[in-house]
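Q: Handing you this structure, nothing more for now.
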Amino acid sequence: MNICTFCNKDFSRLSSLTRHKKTCKVKKDYEFEKQKQELIQENKREKDRIIQLEKEKDIEKEKDRIIQQKDDEIAFLKTLLEVCVNKPNIQTQNIQNISGNQLILQLDPIDFSEIKDNFHNFDLNKQKNGMTGFAEFLCKDVFNKKIILTDSSRDIFRYNTTEKKDVRDPKGIFLLNESIRQDPEQLLSTLVKTREFLEECDESQDKIDKTTRAIKLIRKSKENISVHDTDFSNVVKAHALDNMNQNLFLQE
Ligand SMILES: [Zn+2]
0 MNICTFCNKD FSRLSSLTRH KKTCKVKKDY EFEKQKQELI QENKREKDRI IQLEKEKDIE
60 KEKDRIIQQK DDEIAFLKTL LEVCVNKPNI QTQNIQNISG NQLILQLDPI DFSEIKDNFH
120 NFDLNKQKNG MTGFAEFLCK DVFNKKIILT DSSRDIFRYN TTEKKDVRDP KGIFLLNESI
180 RQDPEQLLST LVKTREFLEE CDESQDKIDK TTRAIKLIRK SKENISVHDT DFSNVVKAHA
240 LDNMNQNLFL QE
């Protein structure tokens, strides 16, 4: 008896069975199905492996997020300490339960369109001081009490804007460029006139240089190149630290 184990056909001769096996449709289907199943299994194992890897990645990310959060809080506490150093009579119970994340929620949003409305306050005395004067004007008329510094070692400013909540702005780069870009033409024409005026009345070279530097920065920022200025960020930093002082300690 020469029976095909796939389709059960019986053959009188072994050679016939051997020939049949090369073309047996049932055998072909069986082998095809087997290969398909193997591929499916392989595919499934691959998918499981990817899912596992992604899980591991998520855990890593979550770890990084927690570490970042802790770093943020440590930086915030260090900054607080800095604020506290010159304040002998601090009521510590006021600050022990506050975190940078909570404090930011209490701040009113910065509205950059207020720059235009208050531009007249950017007067000659401020113009003469270039970026320092521009920062002083912004702090007083626009940023007001709406900005804090939660990481003084890396100069990370935090605030809300009318567009976005909880902006983290290292070195105040966004603040500077966004402020310039409200109306760069007006800023430029004002400062160019101021510089001419300073040159005419033989004002000190230092003031003229400050104005020139401010004009250069504004031109660059206008071309969408983000500029950074230490004079600017130092003024905003002092202002932000002072705000924290007031927000945290004079609240009662
Ligand atoms: Zn067969």
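When you number the sequence shown by numbering that gives the first Met the number 0, it's gap-free, plus one each residue, and the end is 251.
A virtual CB, placed ideally from N, CA and C, is assigned to each residue, including glycine.
1) Quick one: using the 10 Å Cβ neighbour count with 16 as the cut-off for buried, is Cys-138 buried or exposed?
2) Go through its chain and collect everything with a Cβ distance to Ala-213's Cβ below 7 Å, but skip five positions before and after it.
3) Roughly how many whole angstroms lie between the Cα atoms of Phe-136 and Ile-217?
4) Give the straight-line distance between the Cα atoms of Glu-195 and Asp-122, rounded to the nearest whole angstrom.
5) Could you tell me which residues DSSP puts in a beta bridge with Asp-9?
6) What are the boundary residues of the beta strand (DSSP E) that includes Asp-168?
7) Starting from Leu-148 and walking both ways along the beta strand (DSSP E), at which residues does that stretch end?
8) Taking buried to mean at least 16 other C-beta atoms within 10 Å of its own C-beta, is Thr-17 buried or exposed?
9) Starting from Phe-156, trace the beta strand (DSSP E) in both directions and tell me its first and last residue.
10) In three-state DSSP terms, what is Gln-92?
11) For the alpha helix (DSSP H) that Val-25 lies in, which residues bound it at each end?
12) DSSP three-state call for Ile-109: helix, strand or coil?
13) Quick one: using the 10 Å Cβ neighbour count with 16 as the cut-off for buried, is Gln-92 buried or exposed?
14) Within 7 Å: the Cβ of Phe-5 and any heavy atom of ligand 1?
15) Report all residues from its chain with a CB closer than 6 Å to the CB of Leu-240; omit the five preceding and five following residues, and keep chain order.
16) Among Ile-58, Asp-230, Leu-186 and Thr-210, which residue has its Cα nearest to the Cα of Gly-171?
17) Identify, in the order they occur along the chain, each residue of the same chain with its Cβ nearer than 8 Å to the Cβ of Val-25, setting aside the five sequence neighbours on each side.
18) So for Asn-223, helix, strand or coil by DSSP?
19) For the 8 Å Cβ check, are there 3 or more pairs between the region 96 to 116 and the region 171 to 183?
20) Between Glu-59, Arg-12 and Asp-150, which lies nearest to Met-243 when the distance is taken from Cα to Cα?
21) For Asn-143, which residues in the same chain have their Cβ closer than 7 Å to its Cβ, ignoring the five residues on either side in sequence?
22) For Ser-152 and Ala-74, which I take to be in contact (beta-carbon distance under 8 Å), what is that distance rounded to the nearest angstrom?
23) Classify Glu-184 as helix, strand or coil using the three-state DSSP reduction.
24) Where Ile-224 and Leu-175 are concerned, what is the direct C-alpha to C-alpha distance, given to the nearest angstrom?
A: Quick look at the numbers:
1) buried
2) Gly-129, Met-130, Phe-133 and Leu-190
3) 16 Å
4) 15 Å
5) Ile-2
6) 166 to 169
7) 146 to 150
8) exposed
9) 155 to 158
10) Caution applies to Gln-92, whose pLDDT of 49 falls short of 50 and renders its modelled position unreliable; the model cannot decide the point.
11) 24 to 84
12) strand
13) Since pLDDT at Gln-92 reaches only 49, below the 50 mark, its modelled position is unreliable, and the value read off the structure follows with that caveat. Looking at its Cβ environment, which holds fewer than 16 other Cβ atoms inside 10 Å, Gln-92 is exposed.
14) yes
15) Val-82 and Leu-148
16) Asp-230
17) Cys-3, Phe-5 and Cys-6
18) coil
19) yes
20) Asp-150
21) none
22) 6 Å
23) helix
24) 12 Å
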